[in-house]
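> Starting off with a structure, shown below.
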Amino acid sequence: MKKYARVTNFNGKGMNEGYCFNDGEYYCETEEQAKFYIEGLGLDWKEELLTFNTKDEWFYWTDWYDQEADIYYDINGCEINNKKDTLFAIYKKGVHLGNELGENKNDAIRKYLIASLYEIFLKDLEFVSLYSAKKAVKRTHFL
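Sequence positions in the sequence shown follow the working numbering and run 360 to 502.
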């Protein structure tokens, strides 16, 4: 899955390059979108372009490819959890529980992983609604 560092305010999609206005107050990807935004504020696009690299600069174009972001987004602008860190934390907790309970470490990791993923999925509204829809369809099919 491709990760994006910002979400465009223009259409809510993920983006890794584009225009930033007022230190992150508004983001958009293309020059046309930036022009539309500026003209929507009642300003002249050509005049505002003259503020680039001056003390009056209030928007600029940039990219976030080489920058490590705290939060990433998918193409639809939804936040992506850092799954690798989450799974490693689950693994460590499972090993710890296995040692505490005197269980086989693999069994403890598996149990804790299932319980943790269950909690994660319950908080994921898209998953819950998809699961509920499939369950409802299956139930009506067999009734």
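Here a beta-carbon is modelled for each residue, glycine too, at the ideal position from N, C-alpha and C.
Everything numeric in this text was worked out from a predicted model, so none of it was measured.
1. Could you check the C-alpha separation between glycine 377 and glutamate 390 for me, to the nearest Å?
2. Thinking just about the alpha-carbon of each residue, which of Asn375, Lys361 and Asn368 is nearest to the one in threonine 421?
3. Using C-beta distances below 7 Å, list every residue in its chain close to phenylalanine 411, excluding the 5 sequence neighbours before and after it, in chain order.
4. Does the distance from the CB of phenylalanine 369 to the CB of glutamate 398 come in under 9 Å?
5. Once you ignore the five residues that flank lysine 394 on each side, which residues in its own chain have a CB closer than 6 Å to its CB?
6. Looking only at DSSP bridge pairs, what is glycine 377 linked to?
7. According to DSSP, is glutamate 384 helix, strand or coil?
8. Closest to tyrosine 386 by C-alpha separation, out of Val366, Lys414 and Gly436, would be which residue?
9. If I follow the unbroken alpha helix (DSSP H) through lysine 394, where does it start and stop?
For this structure:
1. 8 Å
2. Asn375
3. Tyr419
4. no
5. Trp404
6. Thr421
7. coil
8. Val366
9. 390-399
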